[in-house]
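K.L.:
Counting along the sequence shown from 1, when you hit position 85 you're at 85 in this note's numbering, and nothing is skipped either side.
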Amino acid sequence: MIKFPYGISDFYRVSSEGYFYVDRTQSIPLLEAAGDQLLFLRPRRFGKSLWLSLLENYYDVARAGDFERLFGQLAIGQQPTPSHNRYLVMTWDFSTVDAQGDGAHIRQALYNQLNGQSNVLRYAMPPGCSTIFIWMSRMPCARLLRC
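1. Using 8 Å for Cβ pairs, my map puts residue 76 next to residue 37. What's the rounded Cβ distance?
2. With DSSP as the reference, label residue 8 as helix, strand or coil.
3. Given 6 Å as the limit, tell me if residue 66 has its C-beta closer than that to any heavy atom belonging to the ligand NAD.
4. Grab me the residues of residue 40's own chain with a C-beta within less than 8 Å of its C-beta, minus the 5 sequence neighbours each way, in chain order.
5. Looking at residue 14: is its Cβ nearer than 7 Å to the Cβ of residue 56?
6. Does the distance from the C-beta atom of residue 87 to that of residue 59 stay below 7 Å?
7. Roughly how far, in whole angstroms, is the beta-carbon of residue 5 from the beta-carbon of residue 81, given that I think they are within contact range, below 8 Å?
8. If you follow the alpha helix (DSSP H) that residue 17 is part of, which residue opens it and which one closes it?
9. Return the residue from the list 73, 85, 69 that minimises the CA-CA distance to residue 61.
10. The alpha helix (DSSP H) spanning residue 92 covers which residue range?
11. In chain order, which alpha helix (DSSP H) runs of at least 4 residues are fully inside the stretch 29-98?
12. Suppose you measure from the CA of residue 96 to the CA of residue 109; what does that come to, to the nearest Å?
13. In three-state DSSP terms, what is residue 100?
14. Thinking C-beta only, is residue 74 closer than 7 Å to residue 23?
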């Protein structure tokens, strides 16, 4: 019986638990060539979160040991780009940001979320990696870093 990952947006789980997945990884080299800032505009339930989770697992240095298991049977597993598993990836869940109150309250809630997550990553960095964040006006500007 085919297991469909309806409502599951975690690629690691989809891959590990044998859910049906339509391989779109052949698009990763095109995505890398497209530029630094990309905007994904798709209707609801079109797989945006699952695609971003796939990219997180593909680029995250912490998933390097799982690369063959996660991507070996997919198109990108046969011909990976030089950037696979080369970055520290930070994931922010903005659904936890309190959007109640005035602009100053919402801004502070956003700062707290971003700064709290940046501190977690700073202490989890592998040896040989330098600082990832540039601090400006209490708001971190993240940049990708190769290890």
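From the three backbone atoms N, C-alpha and C, an ideal C-beta is built for every residue, glycine too.
P.N.:
The relevant details are as follows:
1. Not really, about 22 Å apart at Cβ, beyond 8 Å.
2. coil
3. The ligand NAD is not among the ligands present in this structure, which contains no ligands whatsoever.
4. 48, 51, 52
5. no
6. yes
7. Contact doesn't hold; Cβ gap of about 25 Å is too wide.
8. Premise fails: residue 17 is in no alpha helix (DSSP H) and is neither H nor E.
9. 85
10. That residue, residue 92, is in no alpha helix (DSSP H); it is neither H nor E in DSSP.
11. 48-59, 67-71, 75-78
12. 9 Å
13. coil
14. yes
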